[in-house]
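*Asks:* Please read through the structure below; I'll follow up with questions.
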Amino acid sequence: MASPSLGNFPLFAHPGCHNDDVNECKFTSVDRATLQVNGSVLAEPGYFTITLENAVRAEMTVTNHTALYRFSFPEGLADMPLSPLILADLIDLPKSRSNASVSVDPNSGRIVGSGTFSPSFGIGTYDLHFCTDFFGASIRDTGVFMNNRAGSQPKNLSVVTDGVNNSPEILPAGAWVRFNAPENNATQISARVGLSFMSTAQACSNAELEIPDFDFESTRSAARQAWTDKMSVISVTPGSVSDEFQTIFWSGLYRASISPQDYTGENPLWNSTEPYYDSFYCIWDSYRSIHPLITLFDPESQALMIRSLLDIYRHEGKLPDCRMSLCKGFTQGGSNADVVLADAYVKNMTQGIDWALAYEAVLSDAEDEPLNWAVEGRGGLASWKSLGYVPADDFDPYGVGPFTRSISRTVEYAYNDFCIAEMARGLGHAADYEKYVARSENWRNLYKEDQNSTINGTETGFTGFLQPKFMNGTWGQQDPIFCSPLLNFTSCYLNPDGHETYEGSSWLYTTYVPQDMASLITTLDGPDSFVSRLDYLHESGLLYIGDEQGFLPVYQYHYAGRPGKSAARAHTYIPSQFNTSVNGIPGNDDSGAMGSFIVLAMVGLFPNPGQNVYLITPPFFPEISITNKISGNKATIRNVNFDAEYTNVYIQSVTLNGVAYTKNWIGHEFFVDGGVLELTLGPEESAWGTRYEDLPPSLSTG
Numbered sequence: 037m038a039s040p041s042l043g044n045f046p047l048f049a050h051p052g053c054h055n056d057d058v059n060e061c062k063f064t065s066v067d068r069a070t071l072q073v074n075g076s077v078l079a080e081p082g083y084f085t086i087t088l089e090n091a092v093r094a095e096m097t098v099t100n101h102t103a104l105y106r107f108s109f110p111e112g113l114a115d116m117p118l119s120p121l122i123l124a125d126l127i128d129l130p131k132s133r134s135n136a137s138v139s140v141d142p143n144s145g146r147i148v149g150s151g152t153f154s155p156s157f158g159i160g161t162y163d164l165h166f167c168t169d170f171f172g173a174s175i176r177d178t179g180v181f182m183n184n185r186a187g188s189q190p191k192n193l194s195v196v197t198d199g200v201n202n203s204p205e206i207l208p209a210g211a212w213v214r215f216n217a218p219e220n221n222a223t224q225i226s227a228r229v230g231l232s233f234m235s236t237a238q239a240c241s242n243a244e245l246e247i248p249d250f251d252f253e254s255t256r257s258a259a260r261q262a263w264t265d266k267m268s269v270i271s272v273t274p275g276s277v278s279d280e281f282q283t284i285f286w287s288g289l290y291r292a293s294i295s296p297q298d299y300t301g302e303n304p305l306w307n308s309t310e311p312y313y314d315s316f317y318c319i320w321d322s323y324r325s326i327h328p329l330i331t332l333f334d335p336e337s338q339a340l341m342i343r344s345l346l347d348i349y350r351h352e353g354k355l356p357d358c359r360m361s362l363c364k365g366f367t368q369g370g371s372n373a374d375v376v377l378a379d380a381y382v383k384n385m386t387q388g389i390d391w392a393l394a395y396e397a398v399l400s401d402a403e404d405e406p407l408n409w410a411v412e413g414r415g416g417l418a419s420w421k422s423l424g425y426v427p428a429d430d431f432d433p434y435g436v437g438p439f440t441r442s443i444s445r446t447v448e449y450a451y452n453d454f455c456i457a458e459m460a461r462g463l464g465h466a467a468d469y470e471k472y473v474a475r476s477e478n479w480r481n482l483y484k485e486d487q488n489s490t491i492n493g494t495e496t497g498f499t500g501f502l503q504p505k506f507m508n509g510t511w512g513q514q515d516p517i518f519c520s521p522l523l524n525f526t527s528c529y530l531n532p533d534g535h536e537t538y539e540g541s542s543w544l545y546t547t548y549v550p551q552d553m554a555s556l557i558t559t560l561d562g563p564d565s566f567v568s569r570l571d572y573l574h575e576s577g578l579l580y581i582g583d584e585q586g587f588l589p590v591y592q593y594h595y596a597g598r599p600g601k602s603a604a605r606a607h608t609y610i611p612s613q614f615n616t617s618v619n620g621i622p623g624n625d626d627s628g629a630m631g632s633f634i635v636l637a638m639v640g641l642f643p644n645p646g647q648n649v650y651l652i653t654p655p656f657f658p659e660i661s662i663t664n665k666i667s668g669n670k671a672t673i674r675n676v677n678f679d680a681e682y683t684n685v686y687i688q689s690v691t692l693n694g695v696a697y698t699k700n701w702i703g704h705e706f707f708v709d710g711g712v713l714e715l716t717l718g719p720e721e722s723a724w725g726t727r728y729e730d731l732p733p734s735l736s737t738g
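Mapping of the sequence shown onto this note's numbering: residues 37 to 738, in sequence order.
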């Protein structure tokens with residue numbers, strides 16, 4: 037996904053208007069666009085600044101519901117008097133506004149307004165409200181603008197969908213305040229913008245409560261401290277590790293911490309005493325690494341997110357697979373909130389979570405098809421239950437959604453059902469456990485053992501891939517490399533003419549059996565063949581690490597008894613694909629998913645989400661520690677023989693609290709109870725973690 041989101045009600049500052057005429061200022065987003073001064077951009081947690089070629093410097097900092105801007109203006113202008121004009125635009129980044137209104141108080145300069153917008157990857161609309169106040173200069177005049185014209189009368193306006201001018205690009209509108217030159221040689225004006233999903237009154241109240249005195253530096257300092265406190269549970273001994281590696285680690289942690297977002301108290305849809313989180317955007321992206329990472333370093337927030345998901349189920353009848361701006365987002369594969377819940381359950385999270393309700397919610401996903409399974413739940417459930425797969429020609433009169441992605445939906449449904457089985461076992465539902473374990477084996481029904489694969493007419497040397505199947509049991513065909521970077525890479529999205537896999541090829545989805553890697557490896561001719569297949573997947577250009585399905589294959593070597601190859605493979609992607617360059621994030625960060633991959637890879641404990649399993653590889657630092665915010669205990673992973681050139685990336689031996697540890701994986705209790713995991717490294721693969729009894733658990737092996 038690469039859809040812009042939010043960015044509602046932007047401000048823009050002019051230092052003055054030519055000929056001292058308001059209509060000589062530019063009001064539309066197209067007309068007012070101004071180049072930045074090279075080298076002027078600085079971004080850090082809680083702060084952003086940029087200088088434009090109109091000589092205005094803009095600085096921004098934030099609190100939970102409020103933004104504080106500080107505009108610095110040039111002291112003298114050759115072609116206009118210094119009389120700054122700041123406008124508030126009724127627009128958002130996706131340009132989705134339909135109805136909106138705004139008013140400006142001529143005495144105080146306060147601008148309040150509301151707008152109705154569309155979510156960037158979902159259905160429905162949402163209303164958002166704002167309240168802007170100014171400080172630093174006296175008011176000269178005020179007014180509104182529409183299109184590219186402005187006037188000092190009236191002091192309010194409304195725009196509605198009229199069937200023609202539906203876009204804010206076609207019908208720009210907003211309000212403005214013009215100031216006298218700041219006095220006493222001051223050149224700065226501050227603007228405080230409160231937001232609320234409830235009302236303009238609450239937007240004003242939020243702003244007044246959170247930033248009562250327009251103190252930019254103290255607000256910036258508080259924002260920085262909030263981020264410092266959040267990240268301080270992780271401590272790193274950098275040694276001689278380069279600044280670049282330290283930057284990508286901490287940047288990744290920051291980006292992975294932004295969403296989902298706490299909107300508690302800002303949900304107009306229902307009354308509840310439970311927390312409300314939004315921007316689960318999307319769980320298909322976040323279940324693999326974002327939520328497991330949050331569980332590691334901020335379990336209190338993860339518990340609140342789980343409770344919020346359950347409250348959404350309580351009031352809307354289904355768990356979301358994607359949600360943003362109070363709206364239902366599009367489901368990309370299975371019902372992957374099931375994985376998020378199971379991941380928290382098997383890691384023994386409590387913190388007020390109603391696990392009986394959680395089990396009810398995941399059973400609803402597994403058993404009850406919603407009318408619109410494009411935005412929640414699963415489609416094709418009748419075939420799933422009767423045939424054991426989603427057919428390419430499915431007859432599904434029970435709901436509506438994109439009748440595509442039969443391969444990727446099948447393997448995701450299978451894993452969703454495994455996660456439900458794990459919850460059933462723990463909650464004492466033995467019959468359900470057997471039922472959902474059996475369904476989790478359904479990936480086999482689309483495995484075609486004689487399917488070959490060629491690239492540019494040359495055999496790859498591998499046979500056996502997932503293929504589409506029709507309702508009558510006969511096979512369809514999709515080239516195993518289709519939807520990879522090597523063939524029609526961008527043709528497998530949610531478009532109605534999409535194909536049988538989603539954002540990836542059959543090569544990639546054939547490896548997606550996280551519940552039973554042992555059976556998959558046996559099916560694919562054993563460990564040596566599986567390792568060769570993984571090597572080919574990574575080295576041929578078939579795998580794109582910028583899509584989240586590419587994360588786990590980096591570490592699946594563990595299941596074949598080759599944990600050293602997982603470590604080496606992680607180092608091929610970091611820093612080649614993840615670095616500090618302009619292109620240092622492959623593809624879309626997807627609400628911090630790429631950032632979470634970086635952090636988990638560099639910590640050296642990568643999760644198999646939905647299971648109590650972390651795959652062990654050496655951290656990218658000499659030592660790293662995570663303090664559990666609930667238990668207060670500290671887990672430390674320490675490298676012996678570490679070198680910053682990463683020659684020694686292979687584990688030779690491990691001790692846990694001083695006792696030899698031979699398994700190539702560890703459970704979440706390490707992070708809850710604390711302790712020291714010490715890895716002795718060397719330049720070559722060793723026998724550590726290679727024995728059958730040291731491999732991670734699989735459904736078929738226990």
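The beta-carbon is built from N, C-alpha and C at its ideal position, and this holds for glycine as well. Computed from a prediction, not measured in an experiment: that's the story for all the values here.
1) How big is the Cα-Cα spacing for K354 and D390?
2) Exposed or buried, which one is H704 when buried takes at least 16 other CB atoms within 10 Å?
3) Start and end of the alpha helix (DSSP H) containing P81?
4) What is the C-beta distance between L377 and V398, in whole angstroms, given that I count them as a contact (C-beta under 8 Å)?
5) Among all the DSSP beta bridges, which residues are the ones paired with Y686?
6) What would DSSP say about F518, mapped onto helix, strand or coil?
7) Which full runs of the beta strand (DSSP E) of 3+ residues lie inside the stretch 632–667, going along the chain?
8) If you measure between the beta carbons of D125 and A209, is that distance less than 9 Å?
9) Within 10 Å of its beta-carbon, does Y349 have 16 or more other beta-carbons around it, so buried, or fewer, so exposed?
10) Would DSSP call M37 helix, strand or coil?
11) Alpha carbon to alpha carbon, what distance is there between Y682 and T608?
12) Buried or exposed for T331, please, with buried defined as at least 16 other CB atoms from any protein chain shown within 10 angstroms of its CB.
13) Can you tell me which of I687, G668 and S667 puts its alpha carbon nearest to the alpha carbon of N675?
14) Taking the straight line between their C-alpha atoms, what separation do you get for W724 and W409?
15) What does DSSP give as the partner residue(s) for K484 in the beta ladder?
16) How long is the line joining the alpha carbons of I581 and F587, rounded to whole angstroms?
17) DSSP on L355, reduced to helix/strand/coil?
18) Can you round the beta-carbon distance between Y162 and S361 to whole angstroms, since I take them to be within the 8 Å contact cut?
19) Using the beta-carbon count (16 or more within 10 Å), is A629 buried or exposed?
20) Output the distance between the C-alpha atoms of F109 and T87, rounded to the nearest integer angstrom.
21) Give the secondary structure of W263 by DSSP, where H, G and I count as helix, E and B as strand, and everything else as coil.
22) When the Cβ atoms of the stretch 257–273 are set against those of the stretch 142–150, are three or more pairs found closer than 8 Å?
23) In or out: A474 buried (at least 16 other Cβ within 10 Å) or exposed?
24) Measure the C-alpha to C-alpha separation of P427 and G435 and round it to an integer number of angstroms.
25) Out of curiosity, what's the CA-to-CA distance linking N669 and N44?
26) Hey, how far is the Cα of F63 from the Cα of L71?
27) Which residues in the same chain have their Cβ closer than 6 Å to the Cβ of R598, if we skip the five residues on either side of it in sequence?
28) Quick one, are the C-beta atoms of P655 and L692 less than 9 Å apart?
29) For Q2 versus L735, is the C-beta spacing smaller than 9 Å?
30) Since I believe D432 is in contact with G416 (beta carbons under 8 Å), could you give me their beta-carbon distance rounded to a whole number of angstroms?
31) Considering only the alpha carbon of each residue, which of R176, N183 and S235 lies closest to R214?
32) So, do the stretch 120–139 and the stretch 287–305 have three or more beta carbon pairs nearer to each other than 8 Å?
33) Report the residue from I666, L717, M638 and Q647 whose alpha carbon sits nearest the alpha carbon of Q338.
34) In the DSSP output, what is V436 paired with across the bridge?
35) Rounding to the nearest angstrom, what Cα-Cα distance links S602 and Q513 in this structure?
36) So is Q189 buried or exposed if we call it buried at 16+ other beta carbons inside 10 Å?
*Replies:* On the basis of the data shown:
1) Looking at the two C-alpha atoms, the distance is approximately 16 Å.
2) Result: buried.
3) Taken as a continuous stretch (DSSP letters only), P81 belongs to no alpha helix (DSSP H), as it is neither H nor E.
4) That belief holds up - the Cβ atoms of L377 and V398 are roughly 6 Å apart, short of 8 Å.
5) Paired residue(s): G718.
6) In the three-state scheme derived from DSSP, where H, G and I count as helix and E and B as strand, F518 is classed as coil.
7) Counting only runs of at least 3 residues, the stretch 632–667 fully encloses the following beta strand (DSSP E) elements, listed from N- to C-terminal order: 641–643, 650–652 and 659–663.
8) Cβ atoms of D125 and A209: closer than 9 Å.
9) Label assigned to Y349: buried.
10) Caution applies to M37, whose pLDDT of 46 falls short of 50 and renders its modelled position unreliable; the value that the coordinates give is listed next. It is coil, neither helix nor strand.
11) Each residue's Cα considered, the two are about 11 Å apart.
12) With 16 or more other Cβ atoms within 10 Å, it is buried.
13) The shortest CA-to-CA distance from N675 to any of I687, G668 and S667 is the one to I687.
14) Roughly 46 Å between the two C-alpha positions.
15) Answer is F501, bridged to K484.
16) The straight-line gap from Cα to Cα measures roughly 7 Å.
17) If DSSP states are grouped into helix, strand and coil, L355 belongs with coil.
18) With a Cβ gap of about 4 Å, Y162 and S361 count as contacting.
19) Label assigned to A629: buried.
20) For F109 and T87, the distance between alpha carbons rounds to 10 Å.
21) Here W263 sits in helix by DSSP.
22) With a cut-off of 8 Å, the stretch 142–150 and the stretch 257–273 do not count as touching, because too few Cβ pairs lie within range.
23) Exposed, since its Cβ has fewer than 16 Cβ neighbours within 10 Å.
24) Take the alpha-carbon of P427 and the one of G435: they are about 15 Å apart.
25) When only Cα atoms are considered, N669 and N44 end up about 41 Å apart.
26) The alpha-carbon atoms of F63 and L71 are separated by roughly 16 Å.
27) These residues qualify, in order along the chain: V567.
28) Remark: C-beta atoms of P655 and L692 do not approach each other more closely than 9 Å.
29) Residue coverage of the chain in this structure runs from 37 to 738, which leaves residue 2 outside it and unanswerable.
30) With a contact defined as Cβ atoms closer than 8 Å, G416 and D432 qualify at about 5 Å.
31) The candidate whose alpha carbon is nearest that of R214 is R176.
32) Taking 8 Å as the limit for Cβ pairs, the verdict is that the stretch 287–305 does not touch the stretch 120–139.
33) Comparing Cα positions, the closest option is I666.
34) DSSP lists N408 as the bridge partner or partners of V436.
35) Rounded to the nearest angstrom, the gap between the Cα atoms of S602 and Q513 is 32 Å.
36) When all chains shown are included, Q189 counts as exposed.
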